[in-house]
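Undergrad: Protein chains in written order, with the working numbering: chain A, 5 to 201; chain B, 1229 to 1351.
Where is the CB? At the ideal position from N, CA and C, for every residue including glycine.
Quick one: structure below, then a few questions.
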């Protein structure tokens, strides 16, 4: 994979196949430590302990079209190549949580890439599900939560092409804002107005 | 900066477009393979390319969706065009650059872009 956002798209598709109704994607960057944590968790059907053990093995797959399953092994390898780590926790009928830690100073650290396209694609292609995307860089963060979008959009589906463009652009802008160094008057806050949680 | 409030305006506009869409019974389905093989080969820009091109040209009778591994990983990214009453067309080794041509020639004008289909490659 050329960029991490493609691995994230791929791993999040597993949650879709696991009949999850909610997928959370968290990216937590600590620039001082030179670390980036990527966590993808879902409330899908989960895996048995035996399946969990084998999930990082490329020669294990549940699909029938071919004999290899590269999604998780590729993501694990990407993290470990930077000197980071990988973990997979899964519980039957509860969900799965995948965590990968990247050392950002490593020459093997791939760029995060276009998260706008990844998140917009996941949302548009799985309108029956909810997604929560959170990106934190040091003390700044932003959150995109599909129930908030659904509330604003009413009967208009999240797959609407204009909505797709909006999500993509919104994430690109917000990512840029939290990455901008210095003053706190950068409008990096999330969409927390009008919410009732 | 984009704000979540903008979605209200999008909602109003999309509602108006939706009433137009309901009159359009014949929907063409564009299905992009989005398994690991597809994504690694470059399926994401192909998928987003279709969504954006369909939006740009305001085509209301086209539904873009995704599927898993189609089983021909070496030909990814793969795109299938499914139209009621017609044989399925499979485009292989797709790129974002090829999207506009397929939308124009095939989806709008009904002419299959034969040179990009699986039939042109598997010889």
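Quick one: which unbroken alpha helix (DSSP H) runs of 4-plus residues sit fully inside the region 77-149 of chain A? Chain order, please.
TA: 119-129
Undergrad: Quick one, which of A/26, A/41, A/54, A/160 has its alpha-carbon nearest residue 90 of chain A's?
TA: Residue numbering aside, residue 90 of chain A sits at position 86 when the first chain is read from its first letter. Answer by Cα proximity: A/41.
Undergrad: In whole angstroms, what is the alpha-carbon distance linking residue 97 of chain A and residue 1341 of chain B?
TA: The sequence position of residue 97 of chain A within the first chain is 93, counting from 1. The sequence position of residue 1341 of chain B within the second chain is 113, counting from 1. Taking the straight line from one Cα to the other gives about 46 Å.
Undergrad: In the DSSP assignment, find the alpha helix (DSSP H) that holds residue 1303 of chain B and state where it starts and stops.
TA: Stepping through the second chain from its first residue, residue 1303 of chain B is reached at position 75. Neither: residue 1303 of chain B is in no alpha helix (DSSP H) and is coded neither H nor E.
Undergrad: Given that a residue counts as buried once 16 or more other Cβ atoms are within 10 Å of its Cβ, and exposed if not, what is residue 1280 of chain B?
TA: Within the second chain, numbered from 1, the residue matching residue 1280 of chain B stands at position 52. Buried, since its Cβ has 16 or more Cβ neighbours within 10 Å.
Undergrad: What in chain B is Cβ-close to residue 174 of chain A, meaning under 7 Å?
TA: Here residue 174 of chain A is taken as the residue at index 170 of the first chain, counted from 1. 1230, listed in chain order.
Undergrad: Does residue 1289 of chain B come within less than 8 Å of chain A when only Cβ atoms are used?
TA: Residue 1289 of chain B sits at position 61 when you count from the first residue of the second chain. No, its Cβ sits nowhere closer than 8 Å to a Cβ of chain A.
Undergrad: Count the other CB atoms within 10 Å of the CB of residue 196 of chain A; is the residue buried (16 or more) or exposed (fewer)?
TA: Within the first chain, numbered from 1, the residue matching residue 196 of chain A stands at position 192. At residue 196 of chain A, the pLDDT of 48 sits below 50, so the modelled position is not reliable; the number obtained from the coordinates is stated separately. The residue in question, residue 196 of chain A, is exposed, as its Cβ has fewer than 16 Cβ neighbours within 10 Å.
Undergrad: Along the chain, where does the beta strand (DSSP E) that runs through residue 28 of chain A open and close?
TA: Position 24 of the first chain holds residue 28 of chain A. Residues 26-34.
Undergrad: Using three-state DSSP, classify residue 43 of chain A as helix, strand or coil.
TA: Working through the first chain from its first residue, we reach residue 43 of chain A at position 39. Of the three classes helix, strand and coil, the one that applies to residue 43 of chain A here is strand, per DSSP.
Undergrad: Using a Cβ-Cβ cutoff of 8 Å, what residues of the region 1265-1289 of chain B are near chain A? List them in chain order.
TA: 1265, 1267, 1268, 1272, 1273, 1275, 1276, 1279, 1280, 1282, 1283
Undergrad: Where does residue 1293 of chain B sit, in a helix, a strand or coil, going by DSSP?
TA: Residue mapping note: residue 1293 of chain B aligns to position 65 of the second chain, counting from 1. Three-state DSSP puts residue 1293 of chain B in a strand.
Undergrad: Since residue 156 of chain A and residue 1232 of chain B should fall inside the 8 Å C-beta cutoff, what is the C-beta to C-beta distance between them, to a whole number of angstroms?
TA: Residue mapping note: residue 156 of chain A aligns to position 152 of the first chain, counting from 1. Residue mapping note: residue 1232 of chain B aligns to position 4 of the second chain, counting from 1. Going by Cβ atoms, the distance from residue 156 of chain A to residue 1232 of chain B rounds to 6 Å, so yes, they are a contact pair.
Undergrad: Could you name the residues of the same chain whose beta carbon sits closer than 6 Å to that of residue 61 of chain A, not counting the 5 residues immediately before and after it, in chain order?
TA: Here residue 61 of chain A is taken as the residue at index 57 of the first chain, counted from 1. Here residue 61 of chain A has no same chain residue with a Cβ atom under 6 Å from its own Cβ, once five neighbours each way along the sequence are excluded.
Undergrad: In whole angstroms, what separates the C-alpha of residue 165 of chain A from that of residue 36 of chain A?
TA: For the purposes of this step, residue 165 of chain A is identified with residue 161 of the first chain, where counting begins at 1. For the purposes of this step, residue 36 of chain A is identified with residue 32 of the first chain, where counting begins at 1. Cα to Cα, residue 165 of chain A sits roughly 39 Å from residue 36 of chain A.
Undergrad: Using a Cβ-Cβ distance under 8 Å, would residue 1329 of chain B count as near chain A?
TA: The sequence position of residue 1329 of chain B within the second chain is 101, counting from 1. Cβ-Cβ to chain A under 8 Å: no for residue 1329 of chain B.
Undergrad: Suppose you measure from the CA of residue 1265 of chain B to the CA of residue 129 of chain A; what does that come to, to the nearest Å?
TA: Position 37 of the second chain, counted from the first residue, corresponds to residue 1265 of chain B. Position 125 of the first chain, counted from the first residue, corresponds to residue 129 of chain A. Their Cα atoms are separated by approximately 18 Å.
Undergrad: Name the two residues that bound the continuous alpha helix (DSSP H) containing residue 3 of chain A.
TA: Residue 3 of chain A lies beyond the range of chain A shown here (5 to 201); nothing can be said about it.
Undergrad: Do you know how far the Cα of residue 175 of chain A is from the Cα of residue 45 of chain A?
TA: Reading the first chain from its first residue, position 41 is the one you call residue 45 of chain A. Reading the first chain from its first residue, position 171 is the one you call residue 175 of chain A. Residue 45 of chain A and residue 175 of chain A: Cα-Cα distance of roughly 20 Å.
Undergrad: Could you name the residues of the region 29-44 of chain A whose beta carbon sits closer than 7 Å to any beta carbon of chain B, in the order they occur along the chain?
TA: Cβ contacts with chain B come from no residue of the region 29-44 of chain A.
Undergrad: Could you name the residues that DSSP lists as bridge partners for residue 1258 of chain B?
TA: Within the second chain, residue 1258 of chain B is the residue found at index 30, counting from 1. B/1292, B/1309.
Undergrad: Return the chain-ordered list of same chain residues with a C-beta closer than 8 Å to the C-beta of residue 109 of chain A, the five sequence neighbours on each side being excluded.
TA: Locating residue 109 of chain A in the first chain gives position 105, counting from the first residue. So the qualifying residues of the chain are 38.
Undergrad: Mind checking the region 103-120 of chain A against chain B and listing, in chain order, the residues whose C-beta falls within less than 7 Å of any C-beta there?
TA: none
Undergrad: Any heavy atom of the ligand FAD inside 7 Å of the beta-carbon of residue 93 of chain A?
TA: For the ligand FAD, the structure offers nothing, since it holds no ligand at all.
Undergrad: Is it true that the region 74-82 of chain A meets the region 100-108 of chain A, where meeting means three or more beta-carbon pairs spaced less than 8 Å apart?
TA: yes
Undergrad: Would you say residue 151 of chain A lies against chain B (beta-carbon separation less than 8 Å)?
TA: Position 147 of the first chain, counted from the start, is the residue given in the question as residue 151 of chain A. Not closer than 8 Å to any Cβ of chain B, the Cβ of residue 151 of chain A fails to qualify, so no.
Undergrad: Could you name the residues of chain A that residue 1242 of chain B contacts, counting a contact when the two beta carbons are closer than 7 Å?
TA: Residue 1242 of chain B sits at position 14 when you count from the first residue of the second chain. Those are 160, 164, 166, listed as they occur along chain A.
Undergrad: Which word fits residue 1316 of chain B, buried or exposed, when buried means at least 16 other C-beta atoms lie within 10 angstroms of its C-beta?
TA: In the second chain, counting from the first residue as 1, residue 1316 of chain B sits at position 88. By the Cβ neighbour-count rule, residue 1316 of chain B is exposed, with fewer than 16 other Cβ atoms within 10 Å of its own.
Undergrad: At what residues does the alpha helix (DSSP H) containing residue 52 of chain A begin and finish?
TA: Numbered from 1 along the first chain, position 48 holds the residue referred to as residue 52 of chain A. No alpha helix (DSSP H) holds residue 52 of chain A; DSSP gives it neither H nor E.
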